[in-house]
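Heads up: take any position in the sequence shown, counting from 1, add 3, and you land on my numbering.
Glycine is no exception: its CB is placed at the ideal position from the N, C-alpha and C atoms.
It should be emphasised that the depicted structure is a prediction, and the values quoted were computed from it without experimental measurement.
Working notes for the structure below.
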Amino acid sequence: MAPRKIIIDTDPGQDDAVAILLALASPEEIEVVGITSVAGNVPLALTTKNALMICELAGKADVPVHAGCDRPMGRELVTAEYVHGATGMDGPNLPDPTMPLQEQHGVDFIIDTLRSNPPGTITLCPLGPLTNIATALEKAPDIAERVHQIVLMGGAYFEVGNVTPAAEFNIYVDPQAAEIVFKSGIDIVVMPLDVTHKALVTKERNAAFRALGNAAGTAVAQMTDFFERFDREKYGSPGAPLHDPCVTVYLIRPELFSGRHVNVEIETTSELTIGMTVADWWGVTDRKPNATFMGSVDADGFFTLLTERLARL
Ligand code: BDR
Ligand code: CA
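As structure tokens, this is what we get:
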């Protein structure tokens, strides 16, 4: 089967970095046609620089990287240096990137790629706030029916919020954008905290990355070492949750995940719960299902695949 063509929309982020490395290490299953950066974990200048550094770390300096939106659609940017560090990708000491940033804006790249490829052949993989995707949908509504699928990291239901008691970070940063995406009618697969908090880098899994002995394995071990301190302190969990790699692992081994096709609405106004993903997990409303909301993952299968693929870089 031909590899699946994807655009990765991202705010790196250590976990974004791992997701991107996995995709770039898996050309049989995934063709990364481009990467678009967005403001999220840190401001846009840093997420863009980090995206370029990750491509170079993977030895793929030919992947087109486009900078996208520098702020959410309708509110001030909220960042997460307290989780990811001042650079957004603290941990390893990677060289500054030398590969070029593309001139075209990320939103226009998304629109043009969807219009120039046959309908149903491009999958969008958002790993950060949904600003670029929603802006593209607003600017070019015709692209919605051309998207094959959106596989995104965001939201939470049983696990509730990580940035407020009710909301997960990516959705909280730009709830207006999330609402546009969830109402778009596009086939959506969601990796919420309910599943990402089950993909934890334990000491043994971190040691396996380090033992690979290549630059990517070492950097991933250093990134996850840094990134775990936040979740250890907050949740008492044994290691860093690999939120965003759930998206790229799913593209390769979807059978590792299980969830339900349910209705998901986004809270956009309440001060108390803004950014909450209201998932009708128990089917208590007659609202139409609009997303496959994942709930569990085979974590051993996940880490076996990831480690094996990082070894290829
Ligand atoms: C999400 O927010 C970011 O901090 C991570 O990169 C991930 O995309 C988890 O809530
Ligand atoms: Ca992210």
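Determine the closest residue to residue i out of the options, with distance taken between C-alpha atoms.
i	options	result
residue 63	278, 34, 284, 181	34
residue 98	274, 68, 161, 219	219
residue 75	245, 279, 312, 177	177
residue 12	26, 5, 6, 160	26
residue 205	283, 258, 243, 192	243
residue 313	238, 294, 214	214
residue 272	143, 179, 123, 9	179
residue 285	182, 113, 78, 161	161
residue 235	251, 250, 200	200
What does DSSP give as the partner residue(s) for residue i in the beta ladder?
i	result
residue 37	10
residue 2	A question about residue 2 goes unanswered here, because the residues of the chain that appear run from 4 up to 316.
residue 194	156
residue 110	The partner list for residue 110 (beta bridge, DSSP) is empty, contrary to what the question assumes.
residue 61	Bridge partners of residue 61: none, in fact.
residue 204	243
residue 294	265
Can you find a heavy atom of ligand 1 that lies under 7 Å from the Cβ of residue i?
i	result
residue 130	yes
residue 172	yes
residue 226	no
residue 83	yes
residue 86	yes
residue 19	yes
residue 246	yes
residue 156	yes
residue 94	no
residue 209	no
residue 165	yes
residue 44	yes
For residue i, collect the residues of the same chain with a Cβ closer than 6 Å to its Cβ; drop the 5 residues on either side in sequence, then sort them by chain order.
i	result
residue 292	264, 265, 266
residue 211	310
residue 117	125, 146, 149
residue 247	18, 19, 22, 130, 156
residue 268	281
residue 107	69
residue 191	153, 294
Where does the unbroken beta strand (DSSP E) through residue i begin, and where does it stop?
i	result
residue 152	150 to 156
residue 69	68 to 70
residue 267	267 to 269
residue 282	280 to 282
Tell me which residue opens and which closes the alpha helix (DSSP H) that residue i is part of.
i	result
residue 126	No alpha helix (DSSP H) contains residue 126, which is instead part of the beta strand (DSSP E) from 125 to 129.
residue 251	248 to 255
residue 44	Taken as a continuous stretch (DSSP letters only), residue 44 belongs to no alpha helix (DSSP H), as it is neither H nor E.
residue 178	178 to 185
residue 24	17 to 27
residue 140	134 to 142
Excluding five sequence neighbours on each side, which residues of the same chain lie with their C-beta closer than 8 Å to the C-beta of residue i?
i	result
residue 72	41, 42, 47, 109, 110, 134, 135, 138
residue 95	221, 222, 225, 226
Would the beta-carbon of residue i be found less than 7 Å away from any heavy atom of ligand 2?
i	result
residue 266	no
residue 99	no
residue 14	yes
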